[in-house]
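One structure is given below, encoded as structure tokens.
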Amino acid sequence: MWEAIEIGLSGLAVGARNLALPNAVMMGVGFLLLYLGIKKGFEPLLLVPIGFGAFLVNLPLSGLMEEGGIFRVLFNTGIANELYPLLIFVGIGAMTDFGPLLENPKILLLGAAGQFGIFLTLALALVFGFSKLEAAAIGIIGACDGPTAIYVTSKYAPHLLAAVSVAAYSYMSLVPIIQPPIIRLLTTREEKVIRMEAIRPTVSKQTKLLFPVIVALIGGLIAPRGIPLIGMICLGNFMKESGVVSRLTKASENEIANIVTLFLGLTIGATMQGETFLRVQTLVIFSLGLLAICIDTAAGIMFGKIMKVLSGGKINPMIGAAGISAFPMSARVVQVQGQRYNPQNYLLMHAMGANTGGQIGSVMAAAVMLSIIEGMGII
Amino acid sequence: MDNVTYGLTMTILGMGGTIVSLWIISLAMNLLKRLFPYVPEKKEKTEEGDVGSH
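Read top to bottom, the protein sequences are chains A and B.
For what it's worth, this note's numbering labels the leading residue of the first sequence as 1, then goes sequentially.
For what it's worth, this note's numbering labels the leading residue of the second sequence as 1001, then goes sequentially.
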């Protein structure tokens, strides 16, 4: 009898006995993400499921990521085959109003400058000894675009998925902290106070409707490897602008996006297992990712300065910082910085234009990168 | 292909390819705006007596 009780008790203690230090540390990381999401309000829709996923998967003997485990099933369903990021893209397209960008198409070039960090970081990652495809996956953190980062990494460097995706989403949520010092450092007082004229609606409904078709066509012809990414965001936006499939549009931006975000967050968190995540390599990836976003911001501002000169001083270079894909955080950062130096200055809509340009830019940059890699015969 | 060649090629072609692609898209956006110019919606005049005339 006592022997049976002892055996029973040992069964109850088996979890605690198998708790290893790396798992405990990763549970702490999970709690930190939960804290940032809940208390600090940094991207809670992502950080809460990621944090809880990381916590659950690191509980000893959970089996969640083993074959047949619920997280493994979710992973195989949508991460291993890139389904989740692509569905998220349909939602992003359905949510995005490209109106401010269409009002001033030149601003789209800021969205190109805001991707330079991707390629410079890729080159730097090679110096740190990463392979060609790993470097591409690390560079894509600079897109500041979670779904794109997951799409590229799960395809070409799946073993880095946890580090790259957590870095991408963490830095996206930290844009309000990362960007302001760079903006302040790289712009003069004279530039900070430049007022930009208010945007008046001058874009027809037909233009808005045809815009996603044109983007998909041009993007697809130049960089065919990126058609899934470009195509999905354009599909979402086309449905929104058509105005005749409001049920599908609403489902894409609400129900589908919400369900997929939950699954995506949980499975990303589930990849943060102690034994595979806690490595020096992860720290290097995080550092390179941060550098990529800083370079993106700096390049956007520098390009904004060029546009300021070319426009005869009508463009405030600060909006260049919004040429990254972190929407709408980056545009809000620019608005706050603009008002800080000139309370009469309303840069929000211009920055929104640059920010939506950054969304197209990040997808286009990833598509260009994949097509060049394929052209080189690496994939 | 060695890493240096790969890194330089990716940086030059990647940045160049992205900026050229977006420039072409911006040209297409301008073209679209010219082909389909914005026409402000005309406000319908309300004749006096319309409201509550039933």
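From the three backbone atoms N, C-alpha and C, an ideal C-beta is built for every residue, glycine too.
Since this is a predicted model, take the numbers as computed values, not measurements.
Coil, strand or helix - residue i by DSSP
i, result
"Pro201 of chain A", "coil"
"Pro1037 of chain B", "strand"
"Val25 of chain A", "helix"
"Ser325 of chain A", "coil"
"Arg58 of chain A", "Going by the sequence as given, residue 58 of chain A is Asn instead of Arg. Asn58 of chain A falls in the coil class under three-state DSSP."
"Glu3 of chain A", "helix"
"Gly1049 of chain B", "Residue confidence for Gly1049 of chain B is low, a pLDDT of 47 falling below 50, so the modelled location carries little weight; the figure read from the coordinates is stated next. Correct three-state label for Gly1049 of chain B: coil."
"Asp97 of chain A", "coil"
"Ala157 of chain A", "coil"
"Lys106 of chain A", "helix"
"Met349 of chain A", "helix"
"Leu33 of chain A", "helix"
"Val193 of chain A", "coil"
"Leu64 of chain A", "coil"
"Asp296 of chain A", "helix"
"Glu43 of chain A", "coil"
"Cys234 of chain A", "helix"
"Ser170 of chain A", "helix"
"Ile378 of chain A", "coil"
6 Å Cβ shell around residue i - same chain, five flanking residues per side excluded
i, result
"Leu120 of chain A", "Ile295"
"Pro49 of chain A", "Leu262, Gly265, Leu266"
"Ser173 of chain A", "Phe42, Glu43"
"Ile227 of chain A", "Gly220"
"Ala272 of chain A", "Note that residue 272 of chain A is Met in the sequence shown, not Ala. Correct list, in chain order: Met26, Ala54, Ala162."
"Glu374 of chain A", "Arg225"
"Ile150 of chain A", "Pro85, Ser165"
"Gly269 of chain A", "Ile50, Gly53, Ala54"
"Ala322 of chain A", "Ser330, Ala331, Val334, Ala351, Ala354, Asn355"
With 16 other Cβ atoms within 10 Å as the buried cut-off, status of residue i
i, result
"Asp97 of chain A", "exposed"
"Ser246 of chain A", "exposed"
"Lys40 of chain A", "exposed"
"Leu9 of chain A", "exposed"
"Lys132 of chain A", "buried"
"Lys308 of chain A", "buried"
"Ile35 of chain A", "Checking the sequence, you will find Tyr at residue 35 of chain A rather than Ile. Burial call: exposed."
"Ala168 of chain A", "buried"
"Glu134 of chain A", "buried"
"Ser311 of chain A", "exposed"
"Asn18 of chain A", "exposed"
"Leu229 of chain A", "buried"
"Thr148 of chain A", "buried"
"Leu46 of chain A", "buried"
"Met1 of chain A", "exposed"
"Lys314 of chain A", "exposed"
"Lys305 of chain A", "buried"
Residue i to residue j span [Cα, whole Å]
i, j, result
"Leu217 of chain A", "Leu1027 of chain B", "14 Å"
"Ile233 of chain A", "Glu6 of chain A", "59 Å"
"Lys250 of chain A", "Met1015 of chain B", "35 Å"
"Ala20 of chain A", "Gly274 of chain A", "9 Å"
"Gly146 of chain A", "Asn342 of chain A", "33 Å"
"Thr276 of chain A", "Ser154 of chain A", "16 Å"
"Leu126 of chain A", "Val1004 of chain B", "8 Å"
"Ile301 of chain A", "Val166 of chain A", "26 Å"
"Leu109 of chain A", "Arg332 of chain A", "19 Å"
"Leu291 of chain A", "Leu160 of chain A", "18 Å"
"Phe116 of chain A", "Pro1037 of chain B", "33 Å"
"Ile38 of chain A", "Ile259 of chain A", "19 Å"
"Arg184 of chain A", "Val244 of chain A", "45 Å"
"Leu1032 of chain B", "Asn104 of chain A", "12 Å"
"Ser204 of chain A", "Val1039 of chain B", "7 Å"
"Asn81 of chain A", "Thr188 of chain A", "47 Å"
"Ile140 of chain A", "Ala24 of chain A", "30 Å"
"Arg195 of chain A", "Leu347 of chain A", "8 Å"
"Gln281 of chain A", "Leu32 of chain A", "20 Å"
"Val215 of chain A", "Gly377 of chain A", "26 Å"
"Leu1035 of chain B", "Pro212 of chain A", "16 Å"
7 Å Cβ shell around residue i - same chain, five flanking residues per side excluded
i, result
"Gly91 of chain A", "Gly236, Ser252, Glu253, Ile256, Ala257"
"Ser1053 of chain B", "Annotation note: pLDDT 41 at Ser1053 of chain B (below 50); position unreliable, no value reported."
"Pro224 of chain A", "Ser371"
"Ala136 of chain A", "Leu122, Val152, Tyr156, Met369, Ile373"
"Ala299 of chain A", "Ala113, Gly114, Phe116, Gly117"
"Glu3 of chain A", "none"
Residues near residue i in its chain [Cβ-Cβ closer than 8 Å; skip 5 each side]
i, result
"Gln359 of chain A", "Ile92, Thr96, Gly111, Asp145, Ile233, Ser325, Phe327"
"Ile178 of chain A", "Tyr171, Leu290, Ile293, Cys294, Thr297"
"Leu209 of chain A", "Phe238, Glu241, Ser242"
"Val193 of chain A", "Tyr341, Asn342, Asn345"
"Gly231 of chain A", "Ala216, Gly220"
"Thr1011 of chain B", "none"
Would the stretch 337-347 of chain A count as touching the stretch 305-318 of chain A if we require 3 or more Cβ pairs under 8 Å?
yes
Count the C-beta pairs between the stretch 58-66 of chain A and the stretch 191-201 of chain A that are closer than 8 Å, then say yes if the count reaches three, no if not.
no
Would you check if there are 3 or more beta carbon pairs closer than 8 Å linking the stretch 360-373 of chain A to the stretch 1017-1025 of chain B?
yes
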